[in-house]
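To convert, count from 1 in the sequence shown and add 13; that's my numbering.
For glycine and all other residues, C-beta sits at the position ideal for the given N, C-alpha and C.
All values derive from a computational prediction rather than experimental measurement.
See below for the structure under consideration.
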Amino acid sequence: EIGLFVPLSPWGGAFRPGRLHNILLGMSSIVRITLSATRSRFRSSDVLLEKERSLAEKEEEFNELVHLVNNVAQDVAIVGEQCRESIDEYCQDLPSEEIPITLGKIRGELQHLEGTARYLSAGASDIQWLKELSRLTAIRNLEKVEIDQVIEELRLFGEYRAERKNETFSLVSDVPSGLCVEVVTREFLEASLRLLLRAASRRLEGVNKAVEVEVKTSEGRIVFKVKDSGSVLNAKYEEQLSRGMVNATLGARGDYLLTAVFRLAEMSGGALRIYHDQESKLNVAELSLCTVEKSISKENTVNRNHHQAGEWVLLVDDKIQITTFYSRVAQALHLPFETAGSVEEAENIVARKGPPHLVITDIQLGDSSGLDLVVKLRADFGEDLPIIVVSGHTERGIEEKVNSVGATRYLSKPVGRRKLFAEITEILREKN
(Lines of atoms letter the chains of each structure in order from A; the text may use other names.)
(Lines give C-alpha, C1' and ligand atoms only; values in the text may rest on other atoms or scores of the structure.)
Protein backbone atom coordinates (compact mmCIF):
# COMPACT_ATOMS: atom_id res chain seq x y z
CA GLU A 14 0.00 0.00 0.00
CA ILE A 15 1.15 3.53 -0.83
CA GLY A 16 -0.10 6.48 1.22
CA LEU A 17 -0.85 9.69 -0.74
CA PHE A 18 -0.44 12.99 1.07
CA VAL A 19 -2.16 15.88 -0.75
CA PRO A 20 -1.66 19.43 0.61
CA LEU A 21 -4.94 21.36 0.56
CA SER A 22 -4.94 25.15 0.35
CA PRO A 23 -7.97 27.21 1.46
CA TRP A 24 -9.30 27.25 -2.11
CA GLY A 25 -9.65 23.46 -1.91
CA GLY A 26 -12.70 24.01 0.32
CA ALA A 27 -14.48 25.62 -2.62
CA PHE A 28 -14.81 22.19 -4.26
CA ARG A 29 -17.78 20.10 -3.37
CA PRO A 30 -16.70 17.05 -1.24
CA GLY A 31 -17.76 14.64 -3.97
CA ARG A 32 -15.67 16.39 -6.60
CA LEU A 33 -12.60 16.50 -4.33
CA HIS A 34 -13.05 12.79 -3.65
CA ASN A 35 -13.10 12.05 -7.39
CA ILE A 36 -9.95 14.11 -7.94
CA LEU A 37 -8.09 12.14 -5.26
CA LEU A 38 -9.30 8.84 -6.70
CA GLY A 39 -8.03 9.89 -10.12
CA MET A 40 -4.62 10.78 -8.73
CA SER A 41 -4.48 7.43 -6.89
CA SER A 42 -5.32 5.57 -10.08
CA ILE A 43 -2.53 7.29 -12.00
CA VAL A 44 0.00 6.46 -9.27
CA ARG A 45 -1.22 2.85 -9.10
CA ILE A 46 -0.94 2.39 -12.88
CA THR A 47 2.57 3.88 -12.86
CA LEU A 48 3.73 1.62 -10.03
CA SER A 49 2.18 -1.44 -11.67
CA ALA A 50 4.01 -0.73 -14.91
CA THR A 51 7.27 -0.25 -13.03
CA ARG A 52 6.74 -3.48 -11.09
CA SER A 53 6.04 -5.40 -14.30
CA ARG A 54 9.21 -4.02 -15.85
CA PHE A 55 11.24 -5.11 -12.82
CA ARG A 56 9.68 -8.56 -12.87
CA SER A 57 10.32 -9.01 -16.58
CA SER A 58 14.03 -8.27 -16.07
CA ASP A 59 14.28 -10.40 -12.90
CA VAL A 60 15.49 -7.35 -10.99
CA LEU A 61 12.73 -7.56 -8.41
CA LEU A 62 13.15 -11.30 -8.06
CA GLU A 63 16.86 -10.75 -7.50
CA LYS A 64 16.09 -8.23 -4.76
CA GLU A 65 13.77 -10.69 -3.05
CA ARG A 66 16.37 -13.44 -2.82
CA SER A 67 17.83 -13.90 0.61
CA LEU A 68 21.38 -12.93 1.50
CA ALA A 69 21.93 -16.50 2.62
CA GLU A 70 21.24 -17.78 -0.91
CA LYS A 71 23.66 -15.27 -2.40
CA GLU A 72 26.35 -16.18 0.11
CA GLU A 73 25.84 -19.87 -0.63
CA GLU A 74 26.24 -19.24 -4.37
CA PHE A 75 29.41 -17.24 -3.74
CA ASN A 76 30.77 -20.04 -1.56
CA GLU A 77 30.16 -22.54 -4.35
CA LEU A 78 31.91 -20.23 -6.82
CA VAL A 79 34.94 -19.92 -4.52
CA HIS A 80 34.95 -23.70 -4.09
CA LEU A 81 34.96 -24.19 -7.87
CA VAL A 82 37.72 -21.62 -8.39
CA ASN A 83 39.91 -23.22 -5.71
CA ASN A 84 39.45 -26.71 -7.16
CA VAL A 85 40.32 -25.53 -10.67
CA ALA A 86 43.34 -23.67 -9.29
CA GLN A 87 44.44 -26.88 -7.56
CA ASP A 88 44.14 -28.81 -10.85
CA VAL A 89 46.19 -26.19 -12.71
CA ALA A 90 48.87 -26.19 -10.00
CA ILE A 91 49.16 -29.99 -10.06
CA VAL A 92 49.34 -30.29 -13.86
CA GLY A 93 51.83 -27.41 -14.11
CA GLU A 94 54.08 -28.92 -11.46
CA GLN A 95 53.99 -32.36 -13.08
CA CYS A 96 54.86 -30.91 -16.49
CA ARG A 97 57.78 -28.96 -15.06
CA GLU A 98 59.07 -32.08 -13.30
CA SER A 99 58.86 -34.01 -16.58
CA ILE A 100 60.88 -31.32 -18.33
CA ASP A 101 63.48 -31.35 -15.54
CA GLU A 102 63.78 -35.16 -15.71
CA TYR A 103 64.24 -35.02 -19.48
CA CYS A 104 66.92 -32.34 -19.24
CA GLN A 105 68.88 -33.55 -16.21
CA ASP A 106 71.19 -35.92 -18.14
CA LEU A 107 71.62 -33.65 -21.16
CA PRO A 108 74.56 -31.26 -21.57
CA SER A 109 73.38 -27.68 -21.20
CA GLU A 110 74.15 -26.91 -24.85
CA GLU A 111 71.83 -29.72 -26.00
CA ILE A 112 68.80 -28.60 -23.99
CA PRO A 113 66.29 -27.00 -26.37
CA ILE A 114 65.68 -23.33 -25.62
CA THR A 115 61.97 -23.95 -26.20
CA LEU A 116 61.79 -26.25 -23.18
CA GLY A 117 63.08 -23.51 -20.92
CA LYS A 118 60.43 -21.14 -22.25
CA ILE A 119 57.70 -23.75 -21.79
CA ARG A 120 58.84 -24.34 -18.23
CA GLY A 121 58.64 -20.62 -17.52
CA GLU A 122 55.16 -20.39 -19.03
CA LEU A 123 53.98 -23.31 -16.89
CA GLN A 124 55.29 -21.58 -13.79
CA HIS A 125 53.47 -18.42 -14.87
CA LEU A 126 50.26 -20.43 -15.32
CA GLU A 127 50.61 -21.77 -11.78
CA GLY A 128 50.99 -18.18 -10.58
CA THR A 129 47.80 -17.24 -12.43
CA ALA A 130 45.89 -20.04 -10.70
CA ARG A 131 47.29 -19.04 -7.30
CA TYR A 132 46.39 -15.38 -7.91
CA LEU A 133 42.86 -16.25 -9.03
CA SER A 134 42.28 -18.45 -6.00
CA ALA A 135 43.60 -15.82 -3.59
CA GLY A 136 41.34 -13.17 -5.11
CA ALA A 137 38.28 -15.35 -4.60
CA SER A 138 39.14 -16.80 -1.19
CA ASP A 139 40.66 -13.83 0.63
CA ILE A 140 37.37 -11.92 0.86
CA GLN A 141 35.84 -14.92 2.60
CA TRP A 142 38.78 -15.39 4.97
CA LEU A 143 38.95 -11.71 5.90
CA LYS A 144 35.21 -11.34 6.48
CA GLU A 145 35.25 -14.40 8.72
CA LEU A 146 38.28 -13.04 10.57
CA SER A 147 36.45 -9.74 11.17
CA ARG A 148 33.56 -11.64 12.77
CA LEU A 149 35.67 -13.83 15.06
CA THR A 150 34.94 -13.27 18.73
CA ALA A 151 36.87 -16.09 20.37
CA ILE A 152 39.41 -18.76 19.49
CA ARG A 153 40.32 -22.01 21.17
CA ASN A 154 43.96 -22.40 20.16
CA LEU A 155 46.50 -20.48 18.14
CA GLU A 156 48.18 -22.27 15.24
CA LYS A 157 51.96 -22.58 15.09
CA VAL A 158 53.12 -21.48 11.63
CA GLU A 159 56.61 -21.67 10.11
CA ILE A 160 57.23 -18.19 8.83
CA ASP A 161 59.57 -19.05 5.93
CA GLN A 162 56.70 -20.90 4.22
CA VAL A 163 54.45 -17.85 4.60
CA ILE A 164 57.19 -15.60 3.21
CA GLU A 165 57.58 -17.81 0.14
CA GLU A 166 53.83 -17.72 -0.57
CA LEU A 167 53.85 -13.93 -0.17
CA ARG A 168 56.83 -13.60 -2.53
CA LEU A 169 55.12 -15.64 -5.26
CA PHE A 170 51.91 -13.62 -4.92
CA GLY A 171 53.74 -10.28 -4.91
CA GLU A 172 55.85 -11.07 -7.97
CA TYR A 173 52.86 -12.20 -10.00
CA ARG A 174 50.75 -9.19 -8.96
CA ALA A 175 53.58 -6.78 -9.79
CA GLU A 176 53.91 -8.30 -13.26
CA ARG A 177 50.18 -7.90 -13.88
CA LYS A 178 50.06 -4.34 -12.57
CA ASN A 179 53.34 -3.21 -14.17
CA GLU A 180 54.83 -2.45 -10.77
CA THR A 181 58.13 -3.17 -9.05
CA PHE A 182 58.09 -5.65 -6.18
CA SER A 183 60.87 -6.70 -3.83
CA LEU A 184 60.99 -8.84 -0.70
CA VAL A 185 63.92 -8.93 1.72
CA SER A 186 63.99 -11.23 4.74
CA ASP A 187 66.54 -11.99 7.46
CA VAL A 188 64.27 -14.51 9.23
CA PRO A 189 66.12 -17.77 9.97
CA SER A 190 64.63 -20.98 8.61
CA GLY A 191 62.30 -22.77 11.00
CA LEU A 192 61.27 -19.73 13.05
CA CYS A 193 57.57 -19.79 13.93
CA VAL A 194 54.75 -17.51 15.00
CA GLU A 195 51.46 -18.39 16.67
CA VAL A 196 48.45 -16.90 14.90
CA VAL A 197 44.72 -17.54 14.61
CA THR A 198 45.31 -19.67 11.50
CA ARG A 199 47.83 -19.78 8.69
CA GLU A 200 45.12 -19.00 6.10
CA PHE A 201 44.12 -15.84 8.00
CA LEU A 202 47.76 -14.71 8.19
CA GLU A 203 48.44 -15.27 4.48
CA ALA A 204 45.17 -13.53 3.47
CA SER A 205 46.02 -10.57 5.73
CA LEU A 206 49.50 -10.13 4.25
CA ARG A 207 48.11 -10.30 0.71
CA LEU A 208 45.58 -7.62 1.66
CA LEU A 209 48.37 -5.33 2.90
CA LEU A 210 50.08 -5.80 -0.48
CA ARG A 211 46.87 -4.95 -2.34
CA ALA A 212 46.28 -1.88 -0.18
CA ALA A 213 49.82 -0.66 -0.88
CA SER A 214 49.43 -1.30 -4.61
CA ARG A 215 46.16 0.68 -4.78
CA ARG A 216 47.95 3.79 -3.49
CA LEU A 217 50.57 3.74 -6.24
CA GLU A 218 50.60 6.51 -8.85
CA GLY A 219 52.73 7.65 -11.77
CA VAL A 220 55.46 5.72 -13.57
CA ASN A 221 57.82 4.44 -10.87
CA LYS A 222 55.38 2.31 -8.91
CA ALA A 223 57.07 0.18 -6.26
CA VAL A 224 56.06 -2.00 -3.33
CA GLU A 225 58.69 -3.32 -0.91
CA VAL A 226 58.30 -5.98 1.76
CA GLU A 227 60.83 -6.22 4.57
CA VAL A 228 60.65 -9.10 7.05
CA LYS A 229 62.93 -9.08 10.07
CA THR A 230 63.20 -10.28 13.65
CA SER A 231 63.30 -7.80 16.51
CA GLU A 232 63.18 -8.46 20.27
CA GLY A 233 61.24 -11.70 20.12
CA ARG A 234 58.98 -10.57 17.30
CA ILE A 235 58.73 -10.99 13.56
CA VAL A 236 57.95 -7.71 11.82
CA PHE A 237 56.44 -7.49 8.33
CA LYS A 238 56.82 -4.04 6.77
CA VAL A 239 54.89 -3.45 3.54
CA LYS A 240 56.08 -0.17 2.02
CA ASP A 241 54.74 1.76 -0.97
CA SER A 242 55.75 4.92 -2.79
CA GLY A 243 52.14 5.93 -3.50
CA SER A 244 50.06 8.92 -2.47
CA VAL A 245 50.63 10.08 1.09
CA LEU A 246 48.07 8.76 3.56
CA ASN A 247 45.35 11.22 4.49
CA ALA A 248 46.30 12.59 7.94
CA LYS A 249 42.83 11.98 9.37
CA TYR A 250 42.79 8.48 7.90
CA GLU A 251 46.24 7.73 9.33
CA GLU A 252 45.07 8.87 12.77
CA GLN A 253 42.03 6.57 12.56
CA LEU A 254 44.19 3.65 11.46
CA SER A 255 46.45 4.17 14.47
CA ARG A 256 43.40 3.35 16.61
CA GLY A 257 42.38 0.35 14.53
CA MET A 258 39.51 2.18 12.83
CA VAL A 259 38.91 2.06 9.08
CA ASN A 260 36.77 4.68 7.33
CA ALA A 261 36.01 3.54 3.79
CA THR A 262 35.28 7.11 2.66
CA LEU A 263 38.82 8.24 3.53
CA GLY A 264 40.74 5.17 2.34
CA ALA A 265 41.03 3.35 -0.96
CA ARG A 266 38.53 0.82 -2.27
CA GLY A 267 38.76 -2.38 -0.27
CA ASP A 268 40.50 -0.82 2.72
CA TYR A 269 37.50 -1.61 4.93
CA LEU A 270 38.84 -5.18 5.05
CA LEU A 271 41.85 -3.87 6.99
CA THR A 272 39.73 -4.25 10.13
CA ALA A 273 40.35 -7.99 9.71
CA VAL A 274 44.13 -7.50 9.84
CA PHE A 275 43.80 -5.47 13.04
CA ARG A 276 41.69 -8.34 14.38
CA LEU A 277 44.36 -10.88 13.42
CA ALA A 278 47.04 -8.87 15.22
CA GLU A 279 44.89 -8.41 18.32
CA MET A 280 43.89 -12.09 18.63
CA SER A 281 47.44 -13.30 17.95
CA GLY A 282 49.07 -11.04 20.53
CA GLY A 283 50.64 -8.78 17.91
CA ALA A 284 50.12 -5.27 16.56
CA LEU A 285 49.42 -3.47 13.28
CA ARG A 286 50.47 0.09 12.45
CA ILE A 287 49.82 1.91 9.17
CA TYR A 288 51.58 5.25 8.80
CA HIS A 289 53.58 7.56 6.53
CA ASP A 290 57.29 7.45 7.31
CA GLN A 291 58.64 11.00 7.06
CA GLU A 292 62.26 9.91 6.69
CA SER A 293 61.84 7.49 3.78
CA LYS A 294 58.76 9.28 2.36
CA LEU A 295 57.02 5.89 2.10
CA ASN A 296 53.71 4.61 3.41
CA VAL A 297 54.28 1.68 5.76
CA ALA A 298 51.99 -1.09 7.00
CA GLU A 299 53.81 -2.77 9.89
CA LEU A 300 52.51 -6.08 11.25
CA SER A 301 54.40 -7.51 14.22
CA LEU A 302 53.81 -10.96 15.71
CA CYS A 303 55.40 -12.80 18.63
CA THR A 304 57.83 -15.58 17.73
CA VAL A 305 57.84 -18.99 19.35
CA GLU A 306 60.73 -21.39 19.76
CA LYS A 307 62.36 -22.63 16.59
CA SER A 308 61.18 -25.85 15.08
CA ILE A 309 63.75 -28.61 15.34
CA SER A 310 65.50 -29.37 12.08
CA LYS A 311 63.47 -31.62 9.83
CA GLU A 312 66.49 -33.75 9.02
CA ASN A 313 66.97 -34.58 12.71
CA THR A 314 63.37 -35.46 13.50
CA VAL A 315 61.85 -37.12 10.45
CA ASN A 316 63.87 -39.98 9.02
CA ARG A 317 62.52 -40.21 5.51
CA ASN A 318 64.07 -43.59 4.80
CA HIS A 319 63.22 -45.52 7.97
CA HIS A 320 59.59 -45.75 8.98
CA GLN A 321 58.32 -48.39 11.36
CA ALA A 322 56.78 -51.52 9.90
CA GLY A 323 53.10 -51.08 9.16
CA GLU A 324 53.26 -47.29 8.89
CA TRP A 325 51.27 -46.03 5.91
CA VAL A 326 49.21 -42.99 4.94
CA LEU A 327 45.63 -42.86 3.64
CA LEU A 328 44.97 -40.39 0.80
CA VAL A 329 41.30 -39.70 0.01
CA ASP A 330 39.85 -37.64 -2.85
CA ASP A 331 37.28 -38.36 -5.54
CA LYS A 332 39.60 -36.97 -8.24
CA ILE A 333 42.42 -39.30 -9.25
CA GLN A 334 44.77 -36.44 -10.20
CA ILE A 335 44.55 -35.15 -6.62
CA THR A 336 45.37 -38.52 -5.02
CA THR A 337 48.19 -38.92 -7.56
CA PHE A 338 49.54 -35.55 -6.45
CA TYR A 339 49.32 -36.59 -2.79
CA SER A 340 51.02 -39.91 -3.52
CA ARG A 341 54.00 -38.18 -5.14
CA VAL A 342 54.54 -36.20 -1.93
CA ALA A 343 54.23 -39.41 0.11
CA GLN A 344 56.79 -41.11 -2.15
CA ALA A 345 59.20 -38.20 -1.65
CA LEU A 346 58.90 -38.82 2.11
CA HIS A 347 59.30 -42.59 1.58
CA LEU A 348 55.87 -43.21 3.10
CA PRO A 349 53.83 -46.23 1.93
CA PHE A 350 50.33 -45.10 0.96
CA GLU A 351 46.84 -46.19 -0.07
CA THR A 352 44.41 -44.07 -2.11
CA ALA A 353 40.60 -43.98 -1.96
CA GLY A 354 37.93 -42.09 -3.89
CA SER A 355 35.08 -42.32 -1.37
CA VAL A 356 34.35 -42.73 2.33
CA GLU A 357 33.25 -46.34 1.79
CA GLU A 358 36.44 -47.22 -0.08
CA ALA A 359 38.56 -45.57 2.62
CA GLU A 360 36.77 -47.49 5.37
CA ASN A 361 37.31 -50.78 3.52
CA ILE A 362 41.04 -50.09 3.21
CA VAL A 363 41.31 -49.28 6.92
CA ALA A 364 39.35 -52.43 7.82
CA ARG A 365 41.83 -54.46 5.79
CA LYS A 366 45.11 -52.74 6.78
CA GLY A 367 44.46 -51.38 10.25
CA PRO A 368 45.11 -47.82 11.51
CA PRO A 369 47.00 -45.48 9.15
CA HIS A 370 49.90 -43.30 10.27
CA LEU A 371 48.37 -40.20 8.67
CA VAL A 372 45.17 -39.33 6.73
CA ILE A 373 44.64 -36.64 4.10
CA THR A 374 41.07 -36.17 2.86
CA ASP A 375 38.87 -33.76 0.95
CA ILE A 376 35.47 -32.71 2.32
CA GLN A 377 33.37 -33.22 -0.79
CA LEU A 378 33.69 -36.85 -1.92
CA GLY A 379 30.92 -37.31 -4.45
CA ASP A 380 27.75 -38.09 -2.50
CA SER A 381 29.65 -38.61 0.75
CA SER A 382 31.48 -36.26 3.12
CA GLY A 383 35.07 -36.46 4.24
CA LEU A 384 33.96 -35.07 7.61
CA ASP A 385 32.03 -38.30 8.22
CA LEU A 386 35.27 -40.18 7.61
CA VAL A 387 37.08 -37.94 10.11
CA VAL A 388 34.44 -38.67 12.78
CA LYS A 389 34.67 -42.44 12.19
CA LEU A 390 38.48 -42.55 12.22
CA ARG A 391 38.66 -40.39 15.32
CA ALA A 392 36.16 -42.65 17.11
CA ASP A 393 38.05 -45.80 16.09
CA PHE A 394 41.65 -44.69 16.65
CA GLY A 395 41.55 -41.80 19.12
CA GLU A 396 43.34 -38.46 19.16
CA ASP A 397 46.80 -39.70 18.14
CA LEU A 398 45.92 -40.18 14.45
CA PRO A 399 46.87 -37.03 12.45
CA ILE A 400 44.15 -36.05 9.96
CA ILE A 401 44.63 -33.26 7.40
CA VAL A 402 41.49 -31.96 5.67
CA VAL A 403 42.10 -30.22 2.32
CA SER A 404 39.21 -28.41 0.63
CA GLY A 405 38.24 -25.61 -1.70
CA HIS A 406 35.46 -24.58 0.69
CA THR A 407 36.07 -21.26 2.47
CA GLU A 408 32.61 -20.34 3.75
CA ARG A 409 32.01 -18.93 7.19
CA GLY A 410 32.93 -21.30 10.00
CA ILE A 411 34.30 -24.06 7.75
CA GLU A 412 37.61 -24.31 9.58
CA GLU A 413 35.89 -24.35 12.97
CA LYS A 414 33.55 -27.07 11.70
CA VAL A 415 36.47 -29.15 10.42
CA ASN A 416 38.29 -28.81 13.74
CA SER A 417 35.15 -29.61 15.74
CA VAL A 418 34.79 -33.06 14.13
CA GLY A 419 38.38 -33.90 15.07
CA ALA A 420 40.67 -32.91 12.19
CA THR A 421 44.26 -32.07 13.10
CA ARG A 422 44.69 -29.42 10.41
CA TYR A 423 42.68 -27.66 7.70
CA LEU A 424 44.30 -26.56 4.43
CA SER A 425 42.56 -24.44 1.81
CA LYS A 426 43.09 -25.24 -1.87
CA PRO A 427 45.15 -24.71 -3.88
CA VAL A 428 47.89 -26.51 -1.95
CA GLY A 429 51.25 -26.71 -3.69
CA ARG A 430 53.70 -29.56 -3.31
CA ARG A 431 56.07 -27.49 -1.16
CA LYS A 432 53.31 -26.52 1.25
CA LEU A 433 51.87 -30.03 1.54
CA PHE A 434 55.36 -31.49 2.00
CA ALA A 435 56.00 -29.05 4.85
CA GLU A 436 52.64 -29.72 6.51
CA ILE A 437 53.09 -33.51 6.44
CA THR A 438 56.63 -33.22 7.76
CA GLU A 439 55.52 -30.92 10.58
CA ILE A 440 52.62 -33.17 11.61
CA LEU A 441 54.75 -36.32 11.58
CA ARG A 442 57.41 -34.50 13.60
CA GLU A 443 54.81 -33.61 16.23
CA LYS A 444 53.46 -37.17 16.21
CA ASN A 445 56.94 -38.65 16.68
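Asked                                                                                                                                                                  : Found
Enumerate in chain order the residues of its own chain whose CB-to-CB distance from G216 is below 7 Å, with the five nearest sequence positions on each side excluded. : The identity of residue 216 in the sequence shown is Arg, whereas the question assumes Gly. Excluding positions up to five away in sequence, the list reads D241, G243, S244, A265, N296.
Considering only C-alpha positions, which residue in the set G410, R431, V188 is nearest to L146?                                                                      : G410
Quick one, which of N83, I114, V89, I152 has its alpha-carbon nearest L123's?                                                                                          : V89
Less than 8 Å between the beta carbons of G171 and V226, yes or no?                                                                                                    : yes
Hey, is the region 341-355 in contact with the region 424-435, meaning 3+ C-beta pairs nearer than 8 Å?                                                                : yes
Since E110 is in the beta strand (DSSP E), which residue starts that stretch and which ends it?                                                                        : Premise fails: E110 is in no beta strand (DSSP E) and is neither H nor E.
Where does R430 sit, in a helix, a strand or coil, going by DSSP?                                                                                                      : helix
The alpha helix (DSSP H) with S205 in it runs from where to where?                                                                                                     : 199-215
Straight-line CA distance for G191 to V236?                                                                                                                            : 16 Å
Take M280 and list the residues in its own chain whose beta-carbon comes closer than 7 Å to its own, dropping the five residues that flank it on each side.            : L149, I152, V197
Comparing C-alpha positions only, which one of L184, I333, P369 sits nearest to E324?                                                                                  : P369
Consult DSSP for Q95 and reduce its assignment to one of helix, strand or coil.                                                                                        : helix
Residues in its own chain within less than 7 Å of S340 by CB, not counting five upstream and five downstream?                                                          : L328, F350, T352
Please report the residue range of the beta strand (DSSP E) in which D290 lies.                                                                                        : 284-290
How would you call T421, buried or exposed, if buried means at least 16 neighbouring beta carbons within 10 angstroms?                                                 : buried
Compute the distance between the beta-carbons of S228 and V188, then report whether it is under 8 Å.                                                                   : A small correction: the amino acid at residue 228 is Val; Ser does not occupy that position in the sequence shown. Their beta carbons are under 8 Å apart, which means V228 touches V188 by this criterion.
Spatial neighbours of E195 within its chain, please: CB distance less than 6 Å, with the 5 preceding and 5 following residues excluded, ordered by chain position.     : L155, K157, V305
Please classify A135: does DSSP put it in a helix, a strand, or coil?                                                                                                  : helix
Nearest to G117 by CA position, among V85, E102, A130, N179, is which residue?                                                                                         : E102
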